[in-house]
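J.: Be aware that the sequence shown starts at 1, since it is given in full-length UniProt numbering, and climbs by one per residue.
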Amino acid sequence: MNHSDILGRSIADPIVGSYLADHEKLDPIDFRTNAEIGFFGGFDSGFGLQVESLSAYSAEFEEVRSRHLPDDEERIVSRLSFTGLDAIRAVQRSYMSALPFGLTFGDSSDVVAEKLGAGPFREGKSSSLPEYSAERFDHAHAVGNMVVIVKYDANLRLMAVYLMHADRTMLKAKRRKASLPKQKIVPDNIDKVEALRAHIPTQRWRASMAEGDELFNETDIATAETALNAFLDRVKAATSERDAQAIQTAVKDIVLAINEINARSGMIETLERDELGVLIDAVVRASGFSLPDDEDITAEWREW
């Protein structure tokens, strides 16, 4: 059963219809109870198929693999889930067919990475409450143009698998990474990069703080200012060396630094996000680094 072939297809696609019929036979309890809200499969079963409106799907993902309904009626398969037994949530039933990629419930995280052919690009703690589920960890893997999210218990043994297409941000990042050797960085542009130091927005932030804006504090402004100046210095150095990879790494590091500051203070709101985004984009482009007009180079790592 080729699970990944279902993603991106219309709910009215005969391939999806056959797939749903096969799964309904496996566990028919409440299989279509929540179809009106876009979910097929009982909440306590081991299987789930989620659909979204065409507009919502297209806003997040690039590939619509099939269309069978008018625009306002169309629903596209956006996610598949496969869940095993849960030592705490006793009502949870296990998926009763073969998992994607040859995975098996109970596989260790190392075995999962080996079967997927890729280590996780993100690791985190499960959002499930400990009294509700035995799930403790979530790992996300990029496999081709898909994202595979795997959930583990406290011993890092596989409990659940989720499949979805990589979103637009991930695909743009993938294409950008592939284009790095072709980037034409211009060493003579160092002065253009340096000129943008005057646009670091921390002076305005201090002025707002002096006027009583409680969003800001001097410690976090100073930390951000140091990080932004270091970012400019790193891009200048990378520009002189024609090193596109180093420029992208500098972007990642400044975004992560701002993530950390914002997690403490919450001071990056709409205006600050725009200021930082415009500055970072301008610095990257000033080096000669080429970006599509609609690409936000910070989106891959940004949490603000």
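From the three backbone atoms N, C-alpha and C, an ideal C-beta is built for every residue, glycine too.
1) Does any residue of chain C bring its CB to less than 9 angstroms from the CB of residue 23?
2) Which whole-angstrom value describes the C-beta separation of residue 152 and residue 208, a residue pair presumed to lie in contact below a C-beta threshold of 8 angstroms?
3) Counting Cβ pairs closer than 8 angstroms, one from the region 264 to 276 and one from the region 161 to 174, do we hit at least three?
4) Pick helix, strand or coil for residue 77, following the three-state DSSP scheme.
5) DSSP has residue 50 in a bridge; who is on the other side?
6) Which residues in the same chain as residue 185 place their Cβ atom closer than 6 angstroms to its Cβ, once the five residues preceding and following it in sequence are excluded?
7) How far does the beta strand (DSSP E) with residue 64 in it extend, from its first residue to its last?
8) So is residue 179 buried or exposed if we call it buried at 16+ other beta carbons inside 10 Å?
9) Could you check how far apart the C-beta atoms of residue 89 and residue 132 are, in whole angstroms? I think they sit under 8 angstroms.
10) Would you say residue 29 and residue 16 are within 9 angstroms of each other, going by their C-beta atoms?
11) Mind checking which residues open and close the alpha helix (DSSP H) that includes residue 299?
12) Answer yes if the region 90 to 108 comes into contact with the region 40 to 50, meaning at least three C-beta pairs across the two stretches below 8 angstroms, and no otherwise.
13) Using the C-alpha atoms, what's the distance from residue 85 back to residue 27?
14) How is residue 132 classed by DSSP in three states: helix, strand or coil?
15) According to DSSP, is residue 267 helix, strand or coil?
16) Can you tell me which of 115, 53 and 235 puts its alpha carbon nearest to the alpha carbon of residue 71?
T.: Let's see:
1) Of the protein chains in the structure, only one exists, and it is not chain C.
2) Not really, about 44 angstroms apart at Cβ, beyond 8 angstroms.
3) no
4) strand
5) 39 and 79
6) 239, 242, 244, 287 and 288
7) Neither: residue 64 is in no beta strand (DSSP E) and is coded neither H nor E.
8) exposed
9) 6 angstroms
10) no
11) Per DSSP, residue 299 belongs to no alpha helix (DSSP H) and is neither H nor E.
12) yes
13) 14 angstroms
14) coil
15) coil
16) 53
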